[in-house]
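Visitor:
Number of protein chains: 2
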Amino acid sequence: MSAFPFEIHAVDGAARTGTLKTARGDIRTPAFMPVGTAATVKALYPEQVRQAGADILLGNTYHLMLRPGAERIKRLGGLHEFMRWDGPILTDSGGFQVWSLAGLRKLTEEGVEFQSHIDGSKHQLTPERAIEIQADLLGADISMQLDECTNFPCTEDEARASMEMSLRWGQRCKTAFGERSDQALFGIVQGSVLENLRKASAQGLVDAGYDGYAIGGLAVGEGLETMCNVLDFTIPELPDDRPHYLMGVGKPIDLVEAVARGVDMFDCVMPTRSGRHGQAWSDFGPVNLKRAEFAEDAEPLAPEIDCPASRDYSKAYLHHLVRAGEYLAAMLLSWHNVAYYEDLMARMRAAISAGEFDTFAADFRSRWADGQAKRN
Amino acid sequence: MSAFPFEIHAVDGAARTGTLKTARGDIRTPAFMPVGTAATVKALYPEQVRQAGADILLGNTYHLMLRPGAERIKRLGGLHEFMRWDGPILTDSGGFQVWSLAGLRKLTEEGVEFQSHIDGSKHQLTPERAIEIQADLLGADISMQLDECTNFPCTEDEARASMEMSLRWGQRCKTAFGERSDQALFGIVQGSVLENLRKASAQGLVDAGYDGYAIGGLAVGEGLETMCNVLDFTIPELPDDRPHYLMGVGKPIDLVEAVARGVDMFDCVMPTRSGRHGQAWSDFGPVNLKRAEFAEDAEPLAPEIDCPASRDYSKAYLHHLVRAGEYLAAMLLSWHNVAYYEDLMARMRAAISAGEFDTFAADFRSRWADGQAKRN
Chain A
2 MSAFPFEIHA VDGAARTGTL KTARGDIRTP AFMPVGTAAT VKALYPEQVR QAGADILLGN
62 TYHLMLRPGA ERIKRLGGLH EFMRWDGPIL TDSGGFQVWS LAGLRKLTEE GVEFQSHIDG
122 SKHQLTPERA IEIQADLLGA DISMQLDECT NFPCTEDEAR ASMEMSLRWG QRCKTAFGER
182 SDQALFGIVQ GSVLENLRKA SAQGLVDAGY DGYAIGGLAV GEGLETMCNV LDFTIPELPD
242 DRPHYLMGVG KPIDLVEAVA RGVDMFDCVM PTRSGRHGQA WSDFGPVNLK RAEFAEDAEP
302 LAPEIDCPAS RDYSKAYLHH LVRAGEYLAA MLLSWHNVAY YEDLMARMRA AISAGEFDTF
362 AADFRSRWAD GQAKRN
Chain B
2 MSAFPFEIHA VDGAARTGTL KTARGDIRTP AFMPVGTAAT VKALYPEQVR QAGADILLGN
62 TYHLMLRPGA ERIKRLGGLH EFMRWDGPIL TDSGGFQVWS LAGLRKLTEE GVEFQSHIDG
122 SKHQLTPERA IEIQADLLGA DISMQLDECT NFPCTEDEAR ASMEMSLRWG QRCKTAFGER
182 SDQALFGIVQ GSVLENLRKA SAQGLVDAGY DGYAIGGLAV GEGLETMCNV LDFTIPELPD
242 DRPHYLMGVG KPIDLVEAVA RGVDMFDCVM PTRSGRHGQA WSDFGPVNLK RAEFAEDAEP
302 LAPEIDCPAS RDYSKAYLHH LVRAGEYLAA MLLSWHNVAY YEDLMARMRA AISAGEFDTF
362 AADFRSRWAD GQAKRN
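Chains as they are written, first to last, in the numbering used here: chain A, 2 to 377; chain B, 2 to 377.
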């Protein structure tokens, strides 16, 4: 099955740029998906997310099934109408958040039972329920298979058992999902940081056949070098003609390194979370606006980015807002950060189209290293 | 002196509608000024405040002198440039906030010494310093005289002594302010709730001559009926041809009753403060979006108001955002509330122009009472 055509416009080394064509609009790849955890990209209006350049959002099954509830969202017209986002939405399966609950969950072959972090109520997530919630109730354009995120570090036996269960859960998700013309289902490669397991996972998924392939279980503390390693031996196992999605990643440098290895899609809470903590992202790394050096800095964060938060407000004002704990601090910095991330994706797409991605990546690594050196 | 022409377009009973013409633009009266305490109307972008219909903002001398500091704002180009609001700004003198500090202040004829609520540092505010901060450093279009807010309740002797000192402080403010062609200075009527003192205060101010006349020391617990009483015997003492500004007021019903008695300008934190606490204002009073009855209410708050927050988002979504403690809850509800307040002012201006203010006020009182009855 392949509900959504994926047109690749240019390839430069392992990097590629293209368009994933969904029923709700085109997704330009490489794409960064801002995270709308609880049916809102925190501290942003949906129009701002769109204007910042995002073609698609991510929604969290775990959060939405607990509050306001998937059935309630269905009764209110689905997630798009509920949160006023008419572009495509990808939902995660809830597997990652439930895995994060540690002591509050119980895992069996059938699925996972867990307690709500909000009120302690008991819930169950099976592959079938994960698909019902995502595809039928929320109305996601792209649903993710339910998977188990392997602990890091773990033994090879643990990683294999977990990866194999994720493959079986994927099959059950496929069965539950069936054939749909305007919705897609992605599989998720697991296998910790071990080459043999990652390859076996990828092969199992490819044999089954999905609309796209995600790489899960990374950005959990393994570090950039190890992550790149895993991408180096995993992505060649995936079909070139379907999108590759690196889940939960990451810092700007991570995005550049992953695009260089053939990743097409990303999601991460970092731009909005940093924005709520007084940080602005740049090619030189994070800028902490709380620092006294910005108290009378009349320059904007990034005049070259076509976003009011990046272009029109002085660092001195942002510094004041952060110090005063004002809502507008989080609003402006989250907005800038999403615009910066989307601008970075646009610059990468342009560099790939121009056949200059190596140069772009080398320049970017150099700026990033300069920024790190300055902060140390 | 009268820096700003005040054109009255229509009078209906004691109510009037007009235009106060400042160097930075026209203020349509009766006018509601959203409060930008710390150089931001909380949880709103300046463009939203303007689009909601606000012609003028209020800034707080007390908050701004402590953080980021008035001299710093001056170095950054003044308050308008600092906070990106190019319309008129009225600043209070800091007197009210310092009065609220209770045990942390020391009052003499010279002025008031107080400790910062932020870091305990010591500061002084005199009539001369209040004018320097407002008119010279922040660059306010309308400065307020430094006054002492009388405690409520208090003895007549206390009220008289306080009111007389406010008159003397007003004179010192006038001297410090001098003659300016593009900035205005308003005096403040004090005198607690006592007719003889309010009249003496008003007479003293009118003899001195100000660009506008504020009524201070109300909305401090005296209740709507008493407030109306004070307006009834105070406003006739003020010149008809200068604006009348009721400070720190209030709920929508308070605005209607005050306009009926000849008030032209208001400020209040209520729309934004309520917005941060899950409340939406309406002609029927406050609506608490947290209530379970809104969980699946697909209707918007007020489709007749030309503001996205009032018109485009369902109550069910707002309910969810409030329950989840999301930034967007405060952002949307503050936006709606400011738009509602500005819409209410526009409706009052239209009713006065049409000579139908009595009918408007009667209908409004009826809706307000219905809302109260329903909530009880």
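Idealized CB from N, CA, C, for every residue including glycine. All values reported here derive from a predicted model rather than from experimental measurement.
Nearest CA to the CA of D158(B): which residue from L139(B), V194(B) and A103(B)?
Guide: The residue given as residue 158(B) occupies position 157 in the second sequence. Comparing Cα-Cα distances from D158(B) to each of L139(B), V194(B) and A103(B), the minimum goes to V194(B).
Visitor: Check the Cβ of H118(A) against every Cβ in chain B and list those closer than 8 Å, keeping chain order.
Guide: Within the first sequence, numbered from 1, the residue matching residue 118(A) stands at position 117. Here the premise fails: no neighbours, minimum Cβ distance about 12 Å.
Visitor: Report the rounded CA-to-CA distance for V231(B) versus M349(B), giving the unit in angstroms.
Guide: Here the question's residue 231(B) lines up with position 230 in the second sequence. Here the question's residue 349(B) lines up with position 348 in the second sequence. Cα to Cα, the separation comes out at about 21 Å.
Visitor: Among the residues of its own chain, which have a CB less than 6 Å from the CB of V264(A), if the five just before and after it don't count?
Guide: Looking up residue 264(A) in the first sequence gives position 263. The residues are H245 and L247.
Visitor: Taking Cβ positions only, does D307(B) come closer than 8 Å to chain A?
Guide: Translated into the one-based positions of the second sequence, residue 307(B) becomes position 306. No, because no Cβ of chain A sits closer than 8 Å to the Cβ of D307(B).
Visitor: Scan the stretch 65-105 of chain B and note each continuous alpha helix (DSSP H) run of 4 residues or more that stays entirely inside, going in chain order.
Guide: 71-76, 80-84 and 96-101
Visitor: So, with DSSP's three-state summary, where would you put R181(B)?
Guide: As a working mapping, residue 181(B) is identified with position 180 in the second sequence. Three-state DSSP puts R181(B) in coil, outside helix and strand.
Visitor: At the level of alpha carbons, what is the spacing between R199(A) and D148(A)?
Guide: The residue given as residue 199(A) occupies position 198 in the first sequence. The residue given as residue 148(A) occupies position 147 in the first sequence. Between R199(A) and D148(A), the C-alpha separation is close to 14 Å.
Visitor: Less than 6 Å between C-beta atoms, sequence neighbours within five positions excluded: which residues of the same chain meet that for K43(B)?
Guide: Position 42 of the second sequence, counting from 1, holds the residue named residue 43(B). Hits under 6 Å: T273.
Visitor: What residues from chain B crowd round F295(A), counting only those whose CB sits closer than 7 Å?
Guide: Position 294 of the first sequence holds residue 295(A). For a Cβ distance threshold of 7 Å, nothing in chain B lies close to F295(A): the least Cβ distance comes to about 11 Å.
Visitor: I need the DSSP call for A55(A), collapsed to helix, strand or coil.
Guide: By 1-based counting over the first sequence, the position of residue 55(A) is 54. It is coil, neither helix nor strand.
Visitor: Where DSSP assigns a beta bridge to E8(B), which residues make up the other side?
Guide: For this step, residue 8(B) is matched to residue 7 along the second sequence. E8(B) pairs with T20(B).
Visitor: Within 8 Å of any Cβ in chain B, is that where the Cβ of S315(A) sits?
Guide: Numbered from its first residue, the first sequence carries residue 315(A) at position 314. Answer yes: the Cβ-Cβ gap between S315(A) and chain B drops below 8 Å somewhere.
Visitor: Here's the rule I'm using: 16 or more other beta-carbon atoms within 10 Å means buried, otherwise exposed. How should P237(B) be labelled?
Guide: Numbered from 1 along the second sequence, position 236 holds the residue referred to as residue 237(B). Under this definition P237(B) is an exposed residue.
Visitor: How do the stretch 172-192 of chain B and the stretch 132-150 of chain B stand: do at least 3 beta-carbon pairs fall below 8 Å, yes or no?
Guide: yes
Visitor: Taking a contact to mean a Cβ-Cβ separation below 8 Å, would you say G88(A) touches D137(A) in this structure?
Guide: Here the question's residue 88(A) lines up with position 87 in the first sequence. Here the question's residue 137(A) lines up with position 136 in the first sequence. G88(A) is not a Cβ neighbour of D137(A), given a cutoff of 8 Å.
Visitor: Could you have a look at Q146(B) and say whether DSSP puts it in helix, strand or coil?
Guide: Here the question's residue 146(B) lines up with position 145 in the second sequence. Coil, per DSSP.
Visitor: Which residues does DSSP list as the beta-bridge partners of G213(B)?
Guide: If you number the second sequence from 1, residue 213(B) lands on position 212. Paired residues: F187(B).
Visitor: Name the chain A residues whose beta carbon is nearer than 9 Å to that of L322(B)?
Guide: The residue labelled residue 322(B) in the question sits at position 321 within the second sequence. Near L322(B) (Cβ distances below 9 Å), the residues of chain A are A39, A40 and T41.
Visitor: Cβ of T18(A) within 8 Å of Cβ of A11(A)?
Guide: To locate residue 18(A), count along the first sequence from 1; it is residue 17. To locate residue 11(A), count along the first sequence from 1; it is residue 10. Yes.
Visitor: Please report the straight-line C-alpha distance between A215(A) and D298(A), rounded to a whole angstrom.
Guide: One-based indexing of the first sequence puts residue 215(A) at position 214. One-based indexing of the first sequence puts residue 298(A) at position 297. Each residue's alpha carbon lies about 42 Å from the other.
Visitor: Hey, out of D233(B), L225(B) and I119(B), whose CA is closest to G251(B)'s CA?
Guide: The residue labelled residue 251(B) in the question sits at position 250 within the second sequence. Ranking D233(B), L225(B) and I119(B) by Cα distance to G251(B) puts L225(B) first.
Visitor: Going along the chain, which unbroken runs of the alpha helix (DSSP H) with 4 or more residues stay wholly within the stretch 309-362 of chain B?
Guide: 309-312, 316-324 and 328-354
Visitor: Alpha carbon to alpha carbon, how far is A131(B) from L108(B)?
Guide: Numbered from 1 along the second sequence, position 130 holds the residue referred to as residue 131(B). Numbered from 1 along the second sequence, position 107 holds the residue referred to as residue 108(B). If you take the alpha carbons of A131(B) and L108(B), they lie about 15 Å apart.
Visitor: State the Cα-Cα distance for the pair M2(B) and A340(B), rounded to the nearest angstrom.
Guide: Locating residue 2(B) in the second sequence gives position 1, counting from the first residue. Locating residue 340(B) in the second sequence gives position 339, counting from the first residue. Low confidence applies here, because M2(B) scores a pLDDT of 49, under 50, leaving its location unreliable; read the following figure in that light. Answer to the nearest angstrom: the Cα atoms are 34 Å apart.
Visitor: Could you give the distance in angstroms between the alpha-carbon of P253(A) and the alpha-carbon of M346(A)?
Guide: Here residue 253(A) refers to the residue found at position 252 when the first sequence is read from its first residue. Here residue 346(A) refers to the residue found at position 345 when the first sequence is read from its first residue. Each residue's alpha carbon lies about 9 Å from the other.
Visitor: By alpha-carbon positions, which one of L45(B), G26(B) and A16(B) ends up nearest to L322(A)?
Guide: As a position in the first sequence, residue 322(A) is number 321, starting the count at 1. Per the Cα distances, L45(B).
Visitor: Could you give the residue range of the beta strand (DSSP E) that holds C269(B)?
Guide: As a working mapping, residue 269(B) is identified with position 268 in the second sequence. M266 to C269 is the span of the beta strand (DSSP E), which, as asked, contains C269(B).
Visitor: What do you reckon, are the CB atoms on A39(A) and R85(A) nearer than 8 Å?
Guide: Along the first sequence, read from residue 1 onward, the residue named residue 39(A) stands at position 38. Along the first sequence, read from residue 1 onward, the residue named residue 85(A) stands at position 84. Against a cut-off of 8 Å, the Cβ pair of R85(A) and A39(A) comes out as no contact.
Visitor: If you measure beta-carbon to beta-carbon, which residues of the stretch 46-78 of chain B are closer than 7 Å to chain A?
Guide: R68, P69, R73, R76 and L77
Visitor: So what does DSSP say about N61(A), is it helix, strand or coil?
Guide: The sequence position of residue 61(A) within the first sequence is 60, counting from 1. It is coil, neither helix nor strand.
Visitor: Thinking just about the alpha-carbon of each residue, which of F153(A), H124(A), E133(A) and R73(A) is nearest to the one in F178(A)?
Guide: Taking the first sequence and counting its residues from 1, the one referred to as residue 178(A) is at position 177. Cα-wise, what sits closest to F178(A) is E133(A).
Visitor: Skipping 5 residues on each side, what residues in its chain have a beta carbon closer than 6 Å to that of H118(B)?
Guide: For the purposes of this step, residue 118(B) is identified with residue 117 of the second sequence, where counting begins at 1. There are no such residues.
Visitor: Look at the Cβ atom of S122(A), then the Cβ atom of L168(A), and state whether they are nearer than 8 Å.
Guide: Residue mapping note: residue 122(A) aligns to position 121 of the first sequence, counting from 1. Residue mapping note: residue 168(A) aligns to position 167 of the first sequence, counting from 1. Contact flag unset, no.
Visitor: Reducing DSSP to helix, strand and coil, say where G37(B) ends up.
Guide: As a first step, residue 37(B) is located in the second sequence; it is residue number 36 there, counting from the start. Of the three classes helix, strand and coil, the one that applies to G37(B) here is strand, per DSSP.
Visitor: By DSSP, does V288(B) sit in helix, in strand, or in coil?
Guide: Indexing the second sequence from 1 puts residue 288(B) at position 287. If DSSP states are grouped into helix, strand and coil, V288(B) belongs with the strands.
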